[in-house]
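Novice: Residue numbers (this note's numbering): 1139 to 1737.
Backbone N, C-alpha and C fix where the C-beta goes; we use that ideal spot for every residue, glycine too.
Just so it is clear, the structure is predicted and the values come from calculations on it, not from any experiment.
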Amino acid sequence: MKKIKWLVFLLSITMIFSLVGCKSNESKEVEGDGLFNPGTYAGEGKGIGGTIKLEVTVTEDEITKINVLEHNETPGVSDLAFEQIPAQIIEAQGLGVDAVAGATMSSEGILAAVAQALEKAGADIDALKKVSAKTSTGTGETIEKETDVVVIGGGGAGLAAAVSAHQNGAKVIVLEKMPRVGGNTIISGAAYNAADPKRQEAQGIEDSVDKHFQQTYEGGDKLGKPELIRVLVENAYPTIEWLESMGMKFEDELFTVLGGLWPRAHRPVEPLGTGYINTYMNYIDENSSDMEVLLNTKATELIMEGNKVVGVKAEGPEGELIVKANNGVVIATGVFGNNIEMRDEYNKIWPALTNLKTTNHPGATGDGIAMAKAVGANLVDMEQIQLLPMGDPETGSLSGNIEKSVENRIFVNKDGNRFVDEGARRDVMTKALFEQEDSFMWVILDSKNYPTGEHKNNFNESIDELVAAGRAFKGDTLEELAEEIGVNPENLVAAVNKFNEAVENGGPDEFGRTLFQWKLDTAPFYAGARVPTVHHTMGGIEINEKAEVLDANGNVIPGLYAAGEVTGGIHGANRLGGNALADVNVFGKIAGESAAKNK
Ligand code: ADP
């Protein structure tokens, strides 16, 4: 496994160089002909969770050791950056190292910290930035492999399919084009919708599989295929139990996620989407004799024998790779939100999306859609692109979002006025946001959401960290908060007072809002800035209830399966918040089983 190789590499680096002496030096010109003034130097860089502190040891002409001392980056998401970036800098003896996808800010923080340390060692930083790691060790020969099920994409759906295929007797190879598994799943807020007999009853929430069906179908303007939605809602809770059987833990208390319309969202105990990915990867590690995950390996083409899919061509670190699939191929490559050309080609609903940022990871480029289309797969609902009103103004990502639960926050525009039902569908809220000045809003909430400064949002960031980083604002009164964020204090106070009245009456309020839990009345108050961002491309490959891929005539393409965000036809015109993780895991599991049984 790649992960193990990296660990061995890092260990050997540490063992080889741990004898190098440690002393502190100030920045100065290099003495003599070497590249550095030998010694150990401290450096700091800014990551997503605050300052990353490390020290770098150099000899006269070599970077020998990078020791990370302190950081507050998100576990799971940033791990690979800490594993790979220092190792690559040492391997390349340069700073021309690419950020790890999905952990860009952590990677950049590490690179900045190393650069700062090397500057103190007297290095020429500009020159070092031009020195890059050797990426290919290829011999030019095509490598051939054979297995039962090939899964393209190591995000939530792909790993679910891999595990399920193995549980159904198949040997499995997963191809993942990025240097790490996880895709959009690992950076998501991770909310998973399911009507849950156990947890909802304990909380006094009325719900049912039928209600989940109805809200999903109607919430997508009845464009989703009812038979697929049925599969989704009926299997949502059993799939949670399946994940739990493999050790995954969910919190007892359910909540309503943004645009989820009902309190049926399950929150994993591990941060963001790491719980899903770790659960599947633990299973894969335990069954590594039959299962393999190939990182940095991009699938490029499906291999056909007649009308049947029998394998995959890919580009790996060692060159071209052909993997023969005895039973089937599962496409689980996710959305195309990071492919601006595809966004523009298919968008018919929104104003131009070209300049909008996205919540998606860099690998979300729609490769699977292109590969499936090339073998005759039918594509459905491609124009249905979901935007969220919840993007970070700088990056478009969901990180920094201070909301905890739909019931407990309001949105105000730059004047401090509310403008929409904050419990509405995602498309409704985003359309309303586009009508506000600069398409910009503040999320406002009170400290019942954050009883202490250490309390974290849904993205593993504490409110104190966010305030310190200028990504959230705090006021002991609403007037003070209004001052901090530059909105009219009278408007903000009036908006909150009116909202509190509606909480007392139980609503609906002037915007038709019905989801309330408590008043916004407990200081300190917090605000966070948000803008529209591209989130989920809801169209994609057409599948049936067994996750078999269909052609334009509705016929199954033998040997080809698809699952997760790469498929279309489930969410219709608007996906409910919390339904993606259910979709990804439910259909990933089904696709794996179907492929394994296709003998
Ligand atoms: P889902 O939620 O549907 O599982 P994710 O975004 O979580 O979607 O995962 C999709 C994964 O597929 C990502 O890790 C992405 O890097 C990977 N991927 C996308 N295109 C390819 C490709 N051509 N070859 C291999 N992996 C790919």
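Relative to the ligand ADP, is the shortest distance from any of its heavy atoms to the C-beta of ILE1117 smaller than 6 angstroms?
Specialist: Nothing about residue 1117 can be read from this structure; the chain reaches only from 1139 to 1737.
Novice: Please classify VAL1605: does DSSP put it in a helix, a strand, or coil?
Specialist: VAL1605 falls in the helix class under three-state DSSP.
Novice: So for HIS1304, helix, strand or coil by DSSP?
Specialist: DSSP places HIS1304 in helix when its eight states are reduced to three.
Novice: Whole angstroms are fine: how far does the CA of LYS1387 sit from the CA of ILE1190?
Specialist: If I take the Cα positions, the gap works out to 29 angstroms.
Novice: With DSSP collapsed to three states, give me the class of GLU1389.
Specialist: Correct three-state label for GLU1389: coil.
Novice: Relative to the ligand ADP, is the shortest distance from any of its heavy atoms to the C-beta of LEU1517 smaller than 6 angstroms?
Specialist: Result no, Cβ not under 6 angstroms from the ligand ADP.
Novice: Assuming GLY1449 and LYS1436 form a contact by the criterion Cβ under 8 angstroms, report the distance between their Cβ atoms to the nearest whole angstrom.
Specialist: That pair is no contact at about 15 angstroms.
Novice: Would you kindly report the start and end of the unbroken beta strand (DSSP E) that includes GLY1529?
Specialist: Element bounds for GLY1529: 1523 to 1529.
Novice: How about ARG1651 and ASP1565: are their beta carbons less than 7 angstroms apart?
Specialist: Going by C-beta atoms, ARG1651 is not nearer than 7 angstroms to ASP1565.
Novice: Using C-beta distances below 6 angstroms, list every residue in its chain close to PRO1696, excluding the 5 sequence neighbours before and after it, in chain order.
Specialist: So the list reads LYS1446, once near-sequence residues are dropped.
Novice: For GLY1726 and ALA1720, what's the separation of their Cα atoms in angstroms?
Specialist: Looking at the two C-alpha atoms, the distance is approximately 10 angstroms.
Novice: Going straight from the alpha carbon of MET1442 to that of ASN1465, what length do you get?
Specialist: Whole-angstrom Cα-Cα distance: 13 angstroms.
Novice: Please state the DSSP three-state secondary structure of VAL1252.
Specialist: Here VAL1252 sits in helix by DSSP.
Novice: Can you tell me the Cα-Cα spacing of GLU1372 and ASN1682, whole angstroms?
Specialist: Near 15 angstroms, if we compare the C-alpha coordinates of ASN1682 and GLU1372.
Novice: Go through its chain and collect everything with a Cβ distance to PHE1663's Cβ below 6 angstroms, but skip five positions before and after it.
Specialist: So the qualifying residues of the chain are ASP1584, GLY1613, LEU1616 and LEU1619.
Novice: Going by C-alpha to C-alpha distance, which of SER1600, TYR1588 and ASP1530 sits closest to PHE1578?
Specialist: Of the listed residues, the one whose Cα sits closest to PHE1578 is ASP1530.
Novice: Looking only at its own chain, which residues have a Cβ that is under 8 angstroms from the Cβ of ALA1251, when we skip the five neighbours before and after it?
Specialist: Here the set comprises GLY1181, GLU1182, GLY1183, ILE1190, LYS1191 and LEU1192.
Novice: Please determine if the region 1540 to 1553 and the region 1506 to 1516 are in contact, where contact requires at least 3 C-beta pairs separated by less than 8 angstroms.
Specialist: Because the criterion of three Cβ pairs below 8 angstroms is not met, the region 1540 to 1553 and the region 1506 to 1516 do not touch.
Novice: Could you spell out the range, first to last residue, of the beta strand (DSSP E) harbouring ALA1667?
Specialist: It spans 1663 to 1675 - the beta strand (DSSP E) in which ALA1667 sits, taken as one unbroken run.
Novice: Over what stretch of residues does the beta strand (DSSP E) that includes ASP1098 continue unbroken?
Specialist: What is shown of the chain runs 1139 to 1737, which leaves residue 1098 out entirely.
Novice: Taking 6 angstroms as the cut-off, does the CB of ASP1505 come closer than this to any heavy atom belonging to the ligand ADP?
Specialist: For the ligand ADP, at least one heavy atom lies less than 6 angstroms from the Cβ of ASP1505.
Novice: Can you find the residues in the same chain that come closer than 7 angstroms, C-beta to C-beta, to ALA1740, ignoring five residues on each side of it along the sequence?
Specialist: Nothing can be reported for residue 1740: it is not among the residues displayed for the chain, which extend from 1139 to 1737.
Novice: So within the region 1450 to 1506, which uninterrupted alpha helix (DSSP H) runs reach at least 4 residues, ignoring any that extend past its ends?
Specialist: Segments of the alpha helix (DSSP H) lying fully in the region 1450 to 1506: 1478 to 1484.
Novice: Let me know the secondary structure DSSP gives ILE1324 once reduced to three states.
Specialist: Note: ILE1324 maps to helix in three-state DSSP.
Novice: Is the beta carbon of LEU1410 within less than 6 angstroms of some heavy atom of the ligand ADP?
Specialist: No, since every heavy atom of the ligand ADP falls outside the 6 angstroms radius drawn around the Cβ of LEU1410.
Novice: Quick test of your reading: GLY1188 and ALA1607, contact by CB under 8 angstroms. State the CB separation rounded to the nearest angstrom.
Specialist: Going by Cβ atoms, the distance from GLY1188 to ALA1607 rounds to 7 angstroms, so yes, they are a contact pair.
Novice: Would a C-beta distance cut-off of 7 angstroms place ASN1322 and GLY1716 closer than the cut-off?
Specialist: No, the pair does not count as a contact, with Cβ atoms beyond the cut-off.
Novice: In terms of residue numbering, what span does the alpha helix (DSSP H) encompassing TYR1375 cover?
Specialist: First-last of the alpha helix (DSSP H) with TYR1375: 1364 to 1383.
Novice: Give me the Cα-Cα distance between THR1471 and VAL1347, rounded to the nearest whole angstrom.
Specialist: Cα-Cα distance, rounded: 28 angstroms.
Novice: Given that a residue counts as buried once 16 or more other Cβ atoms are within 10 Å of its Cβ, and exposed if not, what is PRO1176?
Specialist: Its Cβ being crowded by 16 or more others within 10 Å, PRO1176 is buried.
Novice: Counting along the chain, where does the beta strand (DSSP E) carrying PRO1696 start and finish?
Specialist: Run containing PRO1696: 1694 to 1700, per the beta strand (DSSP E) assignment.
Novice: Which of the three DSSP states, helix, strand or coil, is assigned to ASP1428?
Specialist: ASP1428: coil per DSSP, three-state reduction.
Novice: Compare the Cα-Cα distances from GLN1352 to each of SER1732, ARG1713 and GLY1702 and report the closest residue.
Specialist: Per the Cα distances, ARG1713.
Novice: Note down the Cα distance separating ASP1576 from ASP1236, rounded to an integer number of angstroms.
Specialist: Roughly 33 angstroms between the two C-alpha positions.
Novice: Counting Cβ pairs, one atom from each stretch, are 3 or more of them under 8 angstroms apart for the region 1419 to 1429 and the region 1697 to 1709?
Specialist: No, because fewer than three Cβ pairs between the region 1419 to 1429 and the region 1697 to 1709 fall closer than 8 angstroms, the two stretches do not touch.
Novice: Kindly indicate which three-state DSSP category ASP1616 falls into: helix, strand or coil?
Specialist: Residue 1616 is actually Leu in this sequence, not Asp. Reduced to three states, the DSSP call for LEU1616 is helix.
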